[in-house]
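Residue numbers (full-length UniProt numbering), protein chains in the order written: chain U, 1 to 189; chain D, 1 to 189; chain E, 1 to 189; chain P, 1 to 189. Right, one structure below, let's go through it.
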DNA sequence: AATGAATGAGAATTCATTCAT
DNA sequence: TATGAATGAATTCTCATTCAT
């Protein structure tokens, strides 16, 4: 693998395991198998490295959420796919879930960068919501609000479970989760 | 005011504004109007100070959520009160919302402390959910799951809004919010 | 007891137990049952307190060495008394032995103060040595050298034993000790 | 010279001159001609540096005592060599004598480390004493007691002289010293 | 290009001393 | 007179960043 990516991966692992403030460049270098100076060939500052880590995380996150998405399927099926992808990804790759928690409060991650990290996902999801509203399927509330609410619900559920383990995964079936998510956005007459 | 509380308040402000890692004891001292050594009369370590900050935050958070709660009212009315309290509190006191974000990933905040911080709120909310389920009002899914989901939805909504300001508050009415929340937990035949 | 003496005693205990650098004024105050500020009524600085501690130690040391000394007895009997007093005192009051170790390297204890601390003891011992030499009993070497050598031997013996306990006290009888001491100073034809 | 040794040497000088507690890492750095952080590349803590300083001192001390020792010579000649080596070393290298005084009460120097520091010297001296006793030359008292007594006598003599200078060196000839030392351990019929 | 030793600014913490009460 | 809260200089130690090799 490229050294550039090797460094990013090492940083992901260490931040997820130890937290951002307990991850000095020197330990990244050790984990990546290179000298500390080498890291500065690829990233001008630690902040820039963190930004790269964030973008790499959001890429994985995005493609995990969109995996096996059938863009010709119904709105309901597409959202089901995305939500379950999200749910399973954060359950099965806690490293990335922890990483996201850490980075979401890091001063290095600006609002602009966050926007950029989410752009691709939004570009896919927004049209689905739009169509859903056209079909009279979802509430007359801005897409962002509904989408973010559901994302926040799912991710918070799993974060809570990580802190007090083993409650959610054994109890919450895929059907239950979808029932909650749809309840939140579905339009009722 | 007591110096003890003065220090806690100064710390709240600084962490909310600059983040936990950008809040050294020296700056807390300056903000609190005392010498750095003075802080160590009241808190043995910085970690202990952070713990006190967290507990003070959770107290405010809890009493804000339970404000004007009529414990004799219906399940629906009580949850409406709590959710709107939560929503308005986090919108109107962004300092505490930001603080909560920072502290939720702080190594100083152990799982046990988190449990303690949430205890009072849970002790009030859990019985409401229990009654709601007995009345056939809410889904047959553990209270924790539903409660955490809604909390996660609301708080994430507002966090997103803080990063890309002015979208939510002007658009999301109280009624919209409650419609989303109830949709997530309400049982439909 | 006088507060002045109470403070000195507390300091003795704490330095012997924890060492000089691990004995802050605040802990002396706690041990002496008074406020930290009170100590500064009796001693202008910590250094001055240490000096007082040293002098109080040397007083106890001196009177312990001279206990039951029969100034009309023979040179041999008098030195035997002093040496055994010294030996038993340092064995039975390890607090003072430890204290002496700590203070002997403290910057607060000047050469002049050391001289003052030892003055009374020297004033008694020197004439005995002088008489011993007149009687042809001891080597033609300055009193200081002989006296200090024997003192150094005994105190080092006990310090070593304190570090690697239980070797000396069970083995070295009073007769053995005197045989060593006298051997060191006694004149042989 | 190696930076590692440079730091140790600087520390030796400073502790001997100012005492252990008046030797902060910052001053060691200045004396060693490097940044404070550099010291922590070579020693994990200040305590570890002090330990290294102690071991380096004991190495010099040991080789000084054993210099020109003829292991085929008689017991008397060997002990004479060692005692005079010790005496001259501590007189001519007061820096190391002062250093030893400081370190002997340092909390950083554990009993185990002291044992390790003295091991080589003991390994050489003990057999000489054993042989001396077999030859009926020395008292029937444990080697440790006799050896430590003499060591304590010599070192205390020189310490006293350092505090009230110029008394001993001009007066105490090598012969006098040996007469005292042998007197202390020699068996008389 | 890669390294890792060196740097020094900045962090948490301690403690002798002061002073208002 | 006695107190102990308050102070801030000084200490140990960390770590992002640089640069000679």
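Think of the CB as a built atom: it goes at the ideal place given N, C-alpha and C, for glycine as much as any other residue.
- Annotation: the continuous alpha helix (DSSP H) that includes residue 114 (chain D) extends over 111-134.
- For residue 186 (chain D), the pairing in a beta bridge is given by DSSP as D:138.
- Only those residues of the stretch 124-152 of chain P whose C-beta falls short of 8 Å from the nearest C-beta of chain E are listed: 139, 141, 142, 144, 145, 146, 148, 149, 150, 151, 152.
- Counting along the chain, the unbroken alpha helix (DSSP H) around residue 55 (chain U) starts and ends at 46-65.
- Closest by C-alpha distance to residue 77 (chain P), out of P:187, P:59, P:178, is P:178.
- Residue 147 (chain P): member of the alpha helix (DSSP H) spanning 143-163, first to last residue.
- Looking only at U:146, U:46, U:120, U:176, the smallest Cα-Cα distance to residue 109 (chain U) is reached by U:46.
- Taking the Cα positions, residue 171 (chain U) is about 13 Å away from residue 87 (chain U).
- Taking 8 Å as the cut-off, the Cβ atoms of residue 70 (chain U) and residue 159 (chain U) do not count as close.
- Within chain D, no residue has its beta carbon less than 9 Å from that of residue 13 (chain U); the closest one is some 17 Å off.
- Neighbours of residue 156 (chain D) across chain U, judged by C-beta separation under 8 Å: 148, 149, 151, 152, 153, 155, 156.
- Residue 174 (chain D) carries a helical assignment under DSSP once its states are collapsed to helix, strand and coil.
- Taking each of P:145, P:151, P:183, P:150 in turn and checking the Cα distance to residue 173 (chain E), the smallest one comes out for P:145.
- Assigned with DSSP and collapsed to three states, residue 31 (chain D) falls in helix.
- No Cβ of chain P is located within less than 8 Å of the beta carbon of residue 26 (chain E).
- In chain order, 94, 97, 98 place their CB closer than 8 Å to the CB of residue 162 (chain P), counting only its own chain and leaving out the 5 sequence neighbours on each side.
- Interface criterion not met: the Cβ of residue 80 (chain P) is under 8 Å from no Cβ in chain E.
- The beta carbons of residue 139 (chain E) and residue 187 (chain E) sit closer together than 8 Å.
- Boundaries of the alpha helix (DSSP H) harbouring residue 95 (chain E): 94-104, taken from the DSSP string.
- Residue 80 (chain U) carries a helical assignment under DSSP once its states are collapsed to helix, strand and coil.
- Around residue 23 (chain D), the same chain offers 11, 14, 15 as residues with beta carbons nearer than 8 Å, after the five sequence neighbours per side are excluded.
- Residues 125, 129 of the same chain have their beta carbon placed closer than 7 Å to that of residue 147 (chain P), with the five preceding and five following residues left out of the count.
- Residues of the UniProt domain "HTH tetR-type" (1-61) of chain P with a C-beta atom less than 7 Å from some C-beta of chain E are 19, 21, 22, listed in chain order.
- The C-alpha of residue 149 (chain D) lies about 10 Å from the C-alpha of residue 155 (chain D).
- In this structure, the beta-carbon distance from residue 153 (chain P) to residue 152 (chain E) falls below 8 Å.
- Residues 174, 177, 178 of the same chain have their beta carbon placed closer than 8 Å to that of residue 84 (chain E), with the five preceding and five following residues left out of the count.
- The three-state secondary structure of residue 14 (chain U), taken from DSSP, is helix.
- Annotation: the continuous alpha helix (DSSP H) that includes residue 41 (chain E) extends over 36-42.
- Against residue 160 (chain E), the close residues of chain P are 148, in the order they occur along the chain (beta-carbon pairs closer than 7 Å).
- One thing to note: residue 183 (chain U) has its Cβ no nearer than 8 Å to the Cβ of residue 19 (chain D).
- A straight-line Cα-Cα distance of about 34 Å links residue 58 (chain E) and residue 27 (chain P).
- Taking every protein chain shown into account, the CB of residue 51 (chain E) has 16 or more other CB atoms within 10 angstroms, so this residue is buried.
- Distance from the CA of residue 79 (chain U) to the CA of residue 181 (chain U), rounded to the nearest whole angstrom, comes to 9 Å.
- A direct Cα-Cα distance of roughly 21 Å separates residue 40 (chain E) from residue 113 (chain E).
- The three-state secondary structure of residue 85 (chain E), taken from DSSP, is helix.
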